[in-house]
Amino acid sequence: MKHSNFSKPDLFKGEFLNRIPANQNYCGRCYAKELSFIVLKGTFLFLFFLLSLPVISQEMVSDSVALKEVVVTGSKRYRSAGNVTQKIDVLKTRDLENAVSGNNNIAEVLRGKPGVSVSALSRNDANWGTYAGIGPKYSTYMLNGLPVDAFIDPMALDLMAVERIEIQRGPASVLYPGYLSQDFAGNQSPLAGTVNLILKENFEDEKAVFKSSYGSYNTFNTQTYYQNGNDNLNYFGGVNYEKSDYTNYGTSDSWLNMQKDPEYEKFKIFGGANFLFGENDDHQLSVFINKTWHNGDAGRVYRGFAHEYTTVNIAQSSKLSENFTFNASAGMRLYDRSWQESNFNMVDSLVSENGANQRILPFDVNFTLGHGEAHLLTFGADYQNASYNTTSNPVNGYEQYGNKFRATQAGVYLQEELNFGDLTLRGGLRYNSLNTQIDLFAGSNPGEPEIAYHRFLWSAGLKYHLSTAVSLFANGGNSFMAPGLKSMGGTLDPEDRNEPGKHGQLPNPDLDPELGRAFDLGGNVSIGNNLFLDLRAFYISVDDAIIDIRVSENPSQSQSINAGGTRSSGFELEFRQELSPGFSWFANATSMETRISNDRDDDQDGASVPFAPELVGNAGILLTTDFGLTLRPVLNYTGAYYDSSSKSGRNEFEPGVVINFFGSQRLAEEKAYAIDLFTEVYNLTDNRFEMPWQFKNTGIAISGGFKVTFN
1 MKHSNFSKPD LFKGEFLNRI PANQNYCGRC YAKELSFIVL KGTFLFLFFL LSLPVISQEM
61 VSDSVALKEV VVTGSKRYRS AGNVTQKIDV LKTRDLENAV SGNNNIAEVL RGKPGVSVSA
121 LSRNDANWGT YAGIGPKYST YMLNGLPVDA FIDPMALDLM AVERIEIQRG PASVLYPGYL
181 SQDFAGNQSP LAGTVNLILK ENFEDEKAVF KSSYGSYNTF NTQTYYQNGN DNLNYFGGVN
241 YEKSDYTNYG TSDSWLNMQK DPEYEKFKIF GGANFLFGEN DDHQLSVFIN KTWHNGDAGR
301 VYRGFAHEYT TVNIAQSSKL SENFTFNASA GMRLYDRSWQ ESNFNMVDSL VSENGANQRI
361 LPFDVNFTLG HGEAHLLTFG ADYQNASYNT TSNPVNGYEQ YGNKFRATQA GVYLQEELNF
421 GDLTLRGGLR YNSLNTQIDL FAGSNPGEPE IAYHRFLWSA GLKYHLSTAV SLFANGGNSF
481 MAPGLKSMGG TLDPEDRNEP GKHGQLPNPD LDPELGRAFD LGGNVSIGNN LFLDLRAFYI
541 SVDDAIIDIR VSENPSQSQS INAGGTRSSG FELEFRQELS PGFSWFANAT SMETRISNDR
601 DDDQDGASVP FAPELVGNAG ILLTTDFGLT LRPVLNYTGA YYDSSSKSGR NEFEPGVVIN
661 FFGSQRLAEE KAYAIDLFTE VYNLTDNRFE MPWQFKNTGI AISGGFKVTF N
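FYI, the numbering for the sequence shown is 1 to 711, going by UniProt numbering.
Printed below as a string of structure tokens:
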């Protein structure tokens, strides 16, 4: 048999409710329904209170917390952050440039925000953290409003192409669809929120950047970037290459059984252009392409991997009149993953070469109509076409499919935002139709080859400005998510359970779809001296929640199950202040309480949601000086969480404190160029905490280098 060549590519390659003891008998579903009613009743009382306040002015107001901030995620048109009901955080270019990511994952850039728990297993593995305590698949990722994969694309996309990141907390399932990914944890839904990566677009000046660094584990990184533009055409592009010996990221008794350094190479190339045309430049056409190759091994001769990811966005926007805008966008996402399985012994022996191939084509067409004094109507339709298959090629055998799947999803949506001076009201509806065609399931003909789902979804919210210093908001919405093929079909056969050397996901063909609801209440307060306080309470519940649990540590096996009723509730508190243009600080904390109610399984009833910590906290400062020095230390605390919903078989993990540090010093600055030296320190205290599936944090990693900017 001829083995695959894993070589470089040609391009050089709170609960605020009382806790219930886990062993106490109670009706989980009854309690969840009662809790839903209490929160829903409280929401409507809150709405009634705000609506009873006098509403006089018809002019839009500026939120005291974000006087100059504009966001696009909440409405699909740029709006003042003070006049959208949802809580939307913005990470700007300066935040992105100073962020430290120990595992080269965009998800780690979000770590400092409330409610975010990041759990990237290694530089070669995805993030399995939670958002608002409810799991990684309940907060979607988007690229300029088109969905991308929440597990793969944060590893594949290059941050140099991103202008800013908008993070919407709270339900977003009317304007934005779920994502038909079948890999990792399967389908994804914006029930807890969504992360929108906004690409660079217009440039006032020509600029070129060359950046190079060297660091721990013999890690070498080089980046180049170029941008330019004129009145009608703006374009940019870049290359990012990284090579590392890396280090053992398994625990002492890990199933990984590394015999060598898990070396890897990662190569990214991206480019984009934006063209304005028509009278008064009322029309805009944009295109973006990102290509990533990620090759290496997991510390053994026959544990190689070779992944290739392609992301394409094409969009067109037309201003049809002063208040009427048309937007259309289309994308292509290709995910081709291949990896080897081997038997560990004194000499590593190859067992099989495996693959997972996925293609997703998302489309969106929408119109936004401004009317009245300051109202906005958004309506449109979106569509996705997805295909997914898994393959295995055993030694002395032949390649064969394990799972083969196709799916389409179509939706129509409408949202109205009404602005009455101090009061903003929002409401929307979506109709979704999802059709799946299963050609092969776990190597056999499927019992039910065609499955169709049809659902109505809703979302509503309001924001009220009590004064120029205080605003209150409330939001609610629901979601629907069908089980993914990987969750149902797995990557292993049922008889592989607990078999040595059989690592992967066990099948579960009996999964039911999930129905979710989410509510939040909060406020923004301007205290004075540019000090702001943000508060938010949230409640999320999911019926028949599909969660991934650990079945075995060695072999490393997981399985998707319906966990009955699942709920998460919590409270976020955040302070932030910009004392001067050169000094700012922030601190936030999120307390979360999660519970699973399953009357059919006492071992799950009353358990916590896997990977959901009870407490997350962050603090950091940013100091910049007139002589070119920049310092940014950030502290993150993640409390204890479990890796399974089984109370008898779960393991507890507590990452604790991780401190990251970024520092740079400008050495020279002229009109035509600038030179900076920089250092990045990840995990300053060398906290080598254990993670699920016998992974561990590798501890402190230091890198340093230089950056030359040509203007």
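For glycine and all other residues, C-beta sits at the position ideal for the given N, C-alpha and C.
Here's a check: name, in chain order, each residue in its chain whose Cβ is nearer than 6 Å to the Cβ of residue i, leaving out the five neighbours to either side.
i           : result
residue 64  : Confidence is the limiting factor: at residue 64 the pLDDT is only 49, short of 50, which leaves the residue's position unreliable and the question unanswerable from this model.
residue 242 : 221 and 266
residue 716 : In this structure the chain extends from 1 to 711, so residue 716 is not present and cannot be described.
residue 410 : 383 and 433
residue 54  : Because the pLDDT at residue 54 is just 35, under 50, the model does not fix this residue reliably, and the value given afterwards should be weighed accordingly. Counting only Cβ-Cβ distances below 6 Å, and skipping sequence neighbours, we find nothing.
residue 269 : 239 and 291
residue 399 : 391 and 393
residue 587 : 575 and 619
residue 154 : 105, 106 and 107
residue 259 : 300
Assuming residue i is part of the alpha helix (DSSP H), what are its boundary residues?
i           : result
residue 154 : 153-156
residue 111 : Looking at the DSSP string, residue 111 is not in any alpha helix (DSSP H), and its letter there is neither H nor E.
How close, in whole Å, do the beta carbons of residue i and residue j come, if the pair is a contact with beta carbons under 8 Å?
i           : j           : result
residue 289 : residue 271 : 6 Å
residue 664 : residue 678 : 4 Å
residue 607 : residue 647 : 5 Å
residue 720 : residue 592 : Because the chain in this structure spans residues 1 to 711, residue 720 falls outside the shown range and cannot be described.
residue 278 : residue 323 : The Cβ separation is near 17 Å, so there is no contact.
residue 105 : residue 120 : 5 Å
residue 460 : residue 426 : 6 Å
residue 202 : residue 234 : 5 Å
residue 555 : residue 498 : 7 Å
residue 169 : residue 90  : No, residue 169 and residue 90 are not in contact; Cβ-Cβ is about 12 Å, not under 8 Å.
residue 550 : residue 644 : 5 Å
How far does the beta strand (DSSP E) with residue i in it reach, from first residue to last?
i           : result
residue 382 : 375-394
residue 94  : Per DSSP, residue 94 belongs to no beta strand (DSSP E); it is in the alpha helix (DSSP H), 93-97.
residue 403 : 400-420
residue 439 : 423-440
residue 303 : That residue, residue 303, is in no beta strand (DSSP E); it is neither H nor E in DSSP.
residue 169 : 162-169
residue 234 : 233-244
residue 217 : Note, residue 217: premise wrong, no beta strand (DSSP E); not H, not E.
residue 585 : 583-597
residue 277 : 264-277
residue 688 : Per DSSP, residue 688 belongs to no beta strand (DSSP E) and is neither H nor E.
residue 137 : Careful: residue 137 lies outside any beta strand (DSSP E) and carries neither H nor E.
residue 337 : 324-343
residue 564 : Unbroken run through residue 564: none, as it is neither H nor E.
residue 534 : 531-543
residue 358 : 349-371
residue 284 : 283-297
residue 548 : 546-552
residue 723 : The structure shown has nothing for residue 723, since the chain only spans 1 to 711.
Here's a check: name, in chain order, each residue in its chain whose Cβ is nearer than 8 Å to the Cβ of residue i, leaving out the five neighbours to either side.
i           : result
residue 578 : 530 and 584
residue 508 : 487, 488, 490, 559, 560 and 561
residue 381 : 364, 365, 366, 410, 411, 412 and 413
residue 161 : 199, 200, 236, 238, 270, 272, 288 and 290
residue 70  : 78, 79, 80 and 81
residue 354 : 338, 339, 340, 341, 390, 391, 392, 393 and 491
residue 552 : 497 and 498
residue 691 : 119, 121, 653, 655 and 697
residue 48  : The predicted model places residue 48 with a pLDDT of 42, which falls under 50 and marks its position as unreliable; any figure quoted below should be read in that light. For residue 48, where only same-chain residues beyond five positions count, there are no Cβ hits under 8 Å.
Is the beta carbon of residue i within less than 8 Å of some heavy atom of the ligand HEM?
i           : result
residue 371 : Absent from the structure shown: the ligand HEM. Ligands present: none.
For chain C, find out if any of its Cβ atoms is closer than 9 Å to the Cβ of residue i; answer yes or no.
i           : result
residue 340 : The structure shown has no chain C; it contains just one protein chain.
Tell me which same chain residues have a C-beta within less than 7 Å of the C-beta of residue i, skipping the five on either side of it?
i           : result
residue 122 : 103, 249 and 695
residue 685 : 657 and 659
residue 188 : 137, 140, 150, 178, 179 and 181
### Task
Could you say if the segment 691-701 and the segment 191-200 meet the contact criterion of at least three C-beta pairs nearer than 8 Å?
no
### Task
Starting from the N-terminal side, write out each stretch of the beta strand (DSSP E) that is 3 residues or longer and does not extend beyond the segment 639-680.
656-669
### Task
Would you check if there are 3 or more beta carbon pairs closer than 8 Å linking the segment 566-580 to the segment 130-145?
yes
### Query
Counting only runs that start and end within the segment 456-521, where is the beta strand (DSSP E) found for 3 or more residues in a row?
470-481 and 504-506
### Query
Counting Cβ pairs, one atom from each stretch, are 3 or more of them under 8 Å apart for the segment 80-91 and the segment 455-475?
yes
### Message
Would you call the segment 507-524 in contact with the segment 211-227, where contact means no fewer than 3 C-beta pairs closer than 8 Å?
### Response
no
### Query
With a cut-off of 8 Å, do at least 3 Cβ pairs link the segment 355-362 to the segment 387-396?
yes
### the segment 317-325 contacting the segment 293-300, beta-carbon criterion three pairs below 8 Å
no
### Query
Does the segment 167-180 come within contact of the segment 93-107, defined as at least 3 CB pairs closer than 8 Å?
no
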